[in-house]
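As structure tokens, the structure follows; a few thoughts come after it.
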Amino acid sequence: MSQSCFGNESNNVMEEENVAPSFGDTNIQAVQPSPESGSLSMGNDTFQSVRRKSRTKPLTVDVYTVQCNCCYKWRLIPSLQKYEEIREQIIENPFMCKSACEWEPGMSCDVPETISQDGTRIWALDKPKIPRPPPKWTRLVQIREEGCSQFSDVYYITPYGQTLRSSVEIQKYLENHPKFVLEGVTPSQFSFQMPTPLEENYVRKRPAQSSKRKR
DNA sequence: ACGCTCGGCCG
DNA sequence: CGGCCGAGCGT
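One point on numbering: in full-length UniProt numbering, the residue at position 54 of the first sequence is 54, and numbering is uninterrupted.
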């Protein structure tokens, strides 16, 4: 998955609704220096996007993008592992175009952007400082369909293939598997923070909470 | 995959 | 004090 993301997906970006069933799901994640939102704007945020359409299948992230802290262009990241590394350190080590020379020789702020926030993908703001999962563990983000009560679900897959879906489950699992604790795995290496969709109305609004019960 | 609720927090 | 939203979990 790591390499194919680059060529395949950037070519498919233009196609809108008609997607080959085999490649139904496409997402993009990106790290961005949040130039506009002056609120927190420590320096960097993370973005994630998913191609629209796609049947009732799980929307799984398989393409990753980071925005240059200098020129604000988006740059594709070749693998989830690299993306997670960048996201973890994005505050201390802001991403620059030339950082991408590591996997794409000649990259610089002068190279035109190859992907943008057009209408073909679902973009979402990811949280910075999400820790990399421990070795052999996988952090899985699944984007829900439009109109759901939440934007996404975050899961961790253990080295044995078990799925954990909350920090409580992580805690219990580590208690029951001291092996991992001995290896140095700690709860602080996990975050269930989900990305936030850019599109304002992607997530269904909650029916105004019935204000209190009267008695 | 999706809904729902509880409780903390913030205006 | 009420509305919002994330965490957690049931289905």
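Cβ atoms here follow ideal geometry from the backbone N, Cα and C, with glycine treated the same way.
Proximity below 8 Å, CB of R139 to CB of V154
For the purposes of this step, residue 139 is identified with residue 139 of the first sequence, where counting begins at 1. For the purposes of this step, residue 154 is identified with residue 154 of the first sequence, where counting begins at 1. For R139 and V154, yes; Cβs fall inside 8 Å.
So, with DSSP's three-state summary, where would you put L198?
Walking along the first sequence from the start, residue 198 turns up at place 198. Reduced to three states, the DSSP call for L198 is coil.
Alpha carbon to alpha carbon, what distance is there between L174 and L164?
Here residue 164 is taken as the residue at index 164 of the first sequence, counted from 1. Here residue 174 is taken as the residue at index 174 of the first sequence, counted from 1. Cα to Cα, L164 sits roughly 11 Å from L174.
Between which two residues does the beta strand (DSSP E) containing R75 stretch?
Mapped onto the first sequence, residue 75 falls at position 75. Taken as a continuous stretch (DSSP letters only), the beta strand (DSSP E) holding R75 covers 74-77.
Residues in its own chain within less than 7 Å of F180 by CB, not counting five upstream and five downstream?
Working through the first sequence from its first residue, we reach residue 180 at position 180. Hits under 7 Å: L174.
Rounded to the nearest angstrom, what separates P145 and V203 at their Cα positions?
Here residue 145 refers to the residue found at position 145 of the first sequence. Here residue 203 refers to the residue found at position 203 of the first sequence. In the sequence on display, residue 145 carries Glu and not Pro. About 9 Å.
When we look at the beta-carbon of K172 and count the other beta-carbons within 10 Å, is it buried (16 or more) or exposed?
As a first step, residue 172 must be located in the first sequence, where it is residue number 172. Exposed, because fewer than 16 other Cβ atoms sit within 10 Å of the Cβ of K172.
Alpha-carbon spacing of V122 relative to P105, whole angstroms:
The residue given as residue 122 occupies position 122 in the first sequence. The residue given as residue 105 occupies position 105 in the first sequence. Per the sequence shown, residue 122 should be read as Ile rather than Val. Their backbone Cα atoms lie some 29 Å apart in a straight line.
Can you say whether A208 is buried or exposed, counting buried as having 16 or more other CB atoms within 10 angstroms of its CB?
Sequence index remark: in the first sequence, residue 208 carries index 208 (1-based). A208 should be labelled exposed.
Please report the residue range of the beta strand (DSSP E) in which Q142 lies.
As a first step, residue 142 is located in the first sequence; it is residue number 142 there, counting from the start. Q142 -> beta strand (DSSP E) spans 138-143.
Whole-angstrom distance between P135 and I143, CA atom to CA atom:
For the purposes of this step, residue 143 is taken as the residue at position 143 of the first sequence. For the purposes of this step, residue 135 is taken as the residue at position 135 of the first sequence. So the two alpha carbons sit approximately 24 Å from each other.
First and last residue of the uninterrupted beta strand (DSSP E) at residue 221
Residue 221 is absent from the structure shown; the chain starts at 1 and stops at 215.
What span of residues does the beta strand (DSSP E) with R121 cover, start to end?
On the first sequence, position 121 is the one that residue 121 refers to. Where R121 is concerned, the enclosing beta strand (DSSP E) stretches over 121-126.
Presumed contact (8 Å Cβ cut-off) between P197 and A124, rounded CB distance
Against the first sequence, residue 197 aligns to sequence position 197. Against the first sequence, residue 124 aligns to sequence position 124. Confirmed, Cβ separation roughly 4 Å.
Assuming contact is defined by CB atoms lying nearer than 8 Å, are Q67 and K73 in contact in what I supplied?
Counting from one through the first sequence, the residue named residue 67 turns up at place 67. Counting from one through the first sequence, the residue named residue 73 turns up at place 73. Yes, these two residues count as a Cβ contact at 8 Å.
Is the beta carbon of T114 closer than 8 Å to that of L76?
The residue given as residue 76 occupies position 76 in the first sequence. The residue given as residue 114 occupies position 114 in the first sequence. Their beta carbons are under 8 Å apart, which means L76 touches T114 by this criterion.
Would you mind listing the alpha helix (DSSP H) stretches within the UniProt domain "CW-type" (58-117) that are 4+ residues and don't spill past its ends, in chain order?
80-88
Under three-state DSSP, which class holds S166?
In the first sequence, the residue the question calls residue 166 occupies position 166. Correct three-state label for S166: coil.
Among the candidates P78, E102, C70, C71, whose CA atom is the shortest distance from the CA of V61?
Here residue 61 corresponds to residue number 61 of the first sequence, with the count starting at 1. Of P78, E102, C70, C71, the residue nearest in Cα terms is P78.
Residue from M194, T120, H177, I86 with nearest C-alpha to S152
Translated into the one-based positions of the first sequence, residue 152 becomes position 152. For the residues M194, T120, H177, I86, the minimum Cα distance to S152 belongs to M194.
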